[in-house]
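Numbering (my numbering), first residue to last: 732 to 937. Below: the structure, in structure tokens.
Below, the structure written as structure tokens:
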């Protein structure tokens, strides 16, 4: 039964994803692993494989690095991957590695005991706008006041609470024009940027 389950990853549909040589250049200053286009079934496994690979690279050569794990709640869905990330967070400082976990689904992240432990072991945390369904669990975890709960429920884009040790304060993150153009996912903005690029390209032809 195990052989049949693994077959699609070794010689079947997904064999090209895992059963191949690594061709990633880790010497670059910025390395991005994107799993955006993967099927939901593959995403947790892919993220786990990537993070495990990065961890092996980090241990083989000690130098200052930052590892950012976006959509970290995916890894909290499996006990094995959640346990692995927690162990990574506990040990990373010995290897000059800083880890940032990002998630839009804080509720899913905190319902895992390992997710809770990762939060409490983090030196800094930042909470942006939250849903009513998640706010009570978040309030208990972060010991929020009623005002802070209201702030997180009603905050606008870039507004939230920043935690550093025992201290925390309300913040507003304002992106520069360049930063906004790089990270925006707003369809209207993306269309305007594409139109501006096309207009600029045409102006260069004349």
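C-beta: ideal position from N, C-alpha, C; glycine also.
Per DSSP, residue 740 is one residue of the alpha helix (DSSP H) stretching across 733 to 741. The region 891 to 901 and the region 862 to 870 do not touch, with fewer than three beta-carbon pairs separated by less than 8 Å. Shown here, residue 898 sits in a strand according to DSSP, grouped into three states. Cβ-Cβ distances below 6 Å link residue 829 to 797 in the same chain, with the five nearest sequence neighbours on each side left out; the list follows chain order. About 17 Å separates the beta carbons of residue 924 and residue 935, which is beyond the 8 Å limit, so they are not a contact pair. For residue 776, the enclosing alpha helix (DSSP H) stretches over residues 774 to 791. Check the Cα spacing between residue 776 and each of 839, 810 and 903: the tightest is with 810. When the alpha-carbon of residue 878 is set against those of 836, 900 and 888, the nearest one is in 900. Residue 765 counts as exposed, since fewer than 16 other beta carbons sit within 10 angstroms of its beta carbon. The region 869 to 919 contains, as complete alpha helix (DSSP H) runs of 4+ residues, the segments 877 to 885 and 908 to 914 (chain order). The beta-carbon separation of residue 889 and residue 904, rounded to 4 Å, stays under the 8 Å limit for a contact.
Put simply, the backbone Cα of residue 838 is about 24 Å away from that of residue 914. Apart from the 5 residues on each side of it in sequence, residue 816 sits with its Cβ closer than 6 Å to the Cβ of 806 in its chain, given in chain order. Restricting attention to 857, 759, 873 and 752, the CA atom closest to the CA of residue 835 is found in 857. For residue 827, the CB contacts under 7 Å within the same chain, skipping 5 residues up- and downstream, are 793, 794, 795 and 796 in chain order. Beta bridge pairing from DSSP links residue 856 with 894. Between the alpha carbons of residue 746 and residue 779 lies a distance of about 16 Å. Under the three-state reduction of DSSP, residue 799 is assigned to strand. A distance below 8 Å between beta-carbons, with the five flanking residues on each side excluded, links residue 831 to the following residues of its chain, in chain order: 797, 798, 799 and 800. C-alpha of residue 786 to C-alpha of residue 818: approximately 11 Å in a straight line.
Around residue 880, the same chain offers 866 and 870 as residues with beta carbons nearer than 6 Å, after the five sequence neighbours per side are excluded.
In the same chain as residue 733, and ignoring 5 residues on each side of it, no C-beta atom comes closer than 6 Å to its own.
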